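Numbering of the sequence shown is given in numbering that gives the first Met the number 0, commencing with residue 0 and proceeding in unit increments.
Structure, as structure tokens:
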Amino acid sequence: MLSVFNNDLIAYSAIFLVSILSSYAFSIGLVPRLKKFGFVGKDMHKAHHPEVAEMGGISIVVGFSAGILLAIMLSTFNGLTFNIVFVLAGLLTIQTLAFIGILDDILDVPQWAKAFIPLLSAVPLIAVKAAGSTAMVLPFIGAVDFGIFYVLLLLPVGVAVASNLTNMLAGFNGIEAGMGTVIFGCMAIIAWAHGSPEMLVLFVPMLGALLGFLPKNWCPASVFPGDVGTLTIGAVLATGVIIGNLESAGALILSLYVLDFLIKLPNRFPKTFVGLKYGELVAPKGRPRGLIDLILKLGGGGMKETKLVLVMMGLQLLVGAGVILLFVHV
């Protein structure tokens, strides 16, 4: 038993390291090429709004995919055990959403399409889950079987909602990758505790890919993740918790994103760029237009961008710790 544990630990450590190195190495070569071909955006939270490379999330996808490929190799040659059909179905869903993100970064896909198309991307997951469990594990209640309602409605809507939520809370150097790192670190702990290798095979490489991308995305960023990055973060989370039957854990760990959505909803989802005063970010006057506005107002004044991102990561860590307490029983 100890030998199996040690072998798995070594395997997941290798997957983690390969994902970090692949993502980081690819981002180094990607940034100048994105700029060369004009895939740039303005950093609205810096003086003079410098141009920064867009679509850096491609390196996240590359690092994640490298980790998955290594996991499949280890499954074939080194005895790492997981349901490869579930993982490949999940990978197809994730790669479809990543492709949608690339199209959106290039062509600016209409908002209605970004809400609808992710529903279709869930078809591979629907296919494998229809032949498997249709139950969801709810805290304090246990497993609840939703039957066909789960397969045809809850599953595709979950993928669409998660990917769009992570796409909305963005726009500050390091916030997407930083909060994503905390999310997947916490979810990997839950996956390990629940003995779900399929979740681990998805979450460990995603954690590594985000950490590999973060140095280039940290303030002052030389690259933004773009929609390809933010949609992929939500897609991996949704896919993992669906495969692992821990959808409620995935929903709870997105609490900050849900709060951001609820604040933006009555404001009709405005662009939430904030002001810059004496090198600090300040929320505009009036009611908060999103969670970032609320945090800045509660902070009582201006806040450096790095501090804001660290505050958001800290809040996400608190949420993640709460979810771990709910779902991990020592």
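For glycine and all other residues, C-beta sits at the position ideal for the given N, C-alpha and C.
Only a predicted model underlies this, so the values are computations on that prediction, with no experimental measurement involved.
With a threshold of 16 other beta carbon atoms within 10 Å, R288 meets it and is buried. Per DSSP, reduced to three states, the secondary structure at G173 is coil, with no helix or strand assignment.
About 6 Å separates the Cβ atoms of L96 and S162, confirming a contact at the 8 Å cut-off.
Of the other Cβ atoms in all chains shown, fewer than 16 fall within 10 Å of the Cβ of A320; this residue is therefore exposed.
Secondary structure of G62 (DSSP, three-state): helix. Secondary structure at E197: helix, using DSSP grouped into helix, strand and coil. Contact check for V240 against F15 fails: the beta carbons are separated by 7 Å or more. Between the C-alpha atoms of E304 and F223 there is a straight-line separation of about 15 Å. In the structure shown, L280 falls within a strand segment according to DSSP collapsed to helix, strand and coil.
Residue environment: M186 is assigned as buried (16 or more neighbouring CB atoms within 10 Å of its CB, all protein chains considered). Annotation for M198: A190, G239, G243 place their beta carbon closer than 6 Å to its own, counting only its chain and skipping 5 residues before and after.
L201 has its alpha-carbon roughly 14 Å from the corresponding atom of L124.
Pairing I232 with T180 gives a Cβ-Cβ distance that is not under 7 Å. Residue I93 holds the alpha-carbon nearest to the alpha-carbon of L236 among L29, I93, M167.
In this structure, F76 lies away from P196, with their beta-carbon atoms at least 7 Å apart.
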